[in-house]
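If you count by my numbering, then the sequence shown holds residues 88 to 227, one letter each, in order. No residue lacks a Cβ here, since even glycine has one placed at the ideal position from N, Cα and C.
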Amino acid sequence: MPISLLSLPVRYFLEVARTGSVNQAAQRLHVAASAVSRQLGKLEDSLGVVLFERQARGMALTEAGTHLLAHANAHDAQATELVDQLQGLSAQGAVRVRVACTEGFAATFMPLVMSSFRQAHPQVQLQLQVAVPQEVSALV
């Protein structure tokens, strides 16, 4: 089962952006359309912006939605690459993985990521290093 490092609202946002439809996104995600709408609403509320223009023929990204889409796609690609690399290490018998990130990222994002990864790969020991942005790039 593939692991996703993206939050639920961001995963739903990406699928609606890809399909242009809450209903189609819900079908692809195997959830109710109301769940997708609810998560989009929560995401918009938490960001304080409108991400989609609701139209009769579907959903169109706003300027804010376009910006989020670019960043979310990049993050999704990086997260997928990270999971692939970590799974490759696990398959080769490596048991320790060190991850470096900034303090804010460590406090908000990494607990969920590390928890999900540990559940999927209990044989891998994760070590988190927290540093300032300039040092993070040197650590990886």
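What's the call for residue i, buried or exposed, on a 16-neighbour Cβ count within 10 Å?
i    : result
L138 : buried
E131 : buried
A104 : buried
L134 : exposed
A113 : buried
L173 : buried
L226 : exposed
E102 : buried
Return the first residue and the last residue of the beta strand (DSSP E) that residue i is part of.
i    : result
L148 : G145 to L148
Q214 : Q212 to V217
What's the gap between the Cα of residue i and the Cα of residue j?
i    : j    : result
F192 : P220 : 10 Å
A147 : Q210 : 43 Å
T167 : L199 : 15 Å
L215 : M201 : 9 Å
S224 : A218 : 9 Å
V109 : A120 : 6 Å
E150 : V136 : 10 Å
H158 : Q212 : 29 Å
R144 : E222 : 47 Å
Q111 : F100 : 12 Å
L92  : D163 : 8 Å
Could you pull the start and end residues of the alpha helix (DSSP H) that residue i belongs to?
i    : result
F204 : M197 to A207
L226 : P220 to L226
Would you check if there are 3 or more beta carbon pairs closer than 8 Å linking the segment 127 to 142 to the segment 89 to 98? yes
Inter-stretch contact at 8 Å, needing at least 3 Cβ pairs: the segment 184 to 197 / the segment 136 to 151: Verdict: no, contact absent.
Specify whether the segment 186 to 196 and the segment 149 to 159 touch according to this definition: at least 3 beta carbon pairs, one from each stretch, less than 8 Å apart. no
Could you pull out every unbroken beta strand (DSSP E) segment of at least 3 residues lying fully inside the segment 157 to 194, listed in chain order? 183 to 188
May I have a chain-ordered list of the beta strand (DSSP E) segments no shorter than 3 residues that lie completely inside the segment 94 to 155? DSSP runs (the beta strand (DSSP E)) wholly in the segment 94 to 155: 139 to 142 and 145 to 148.
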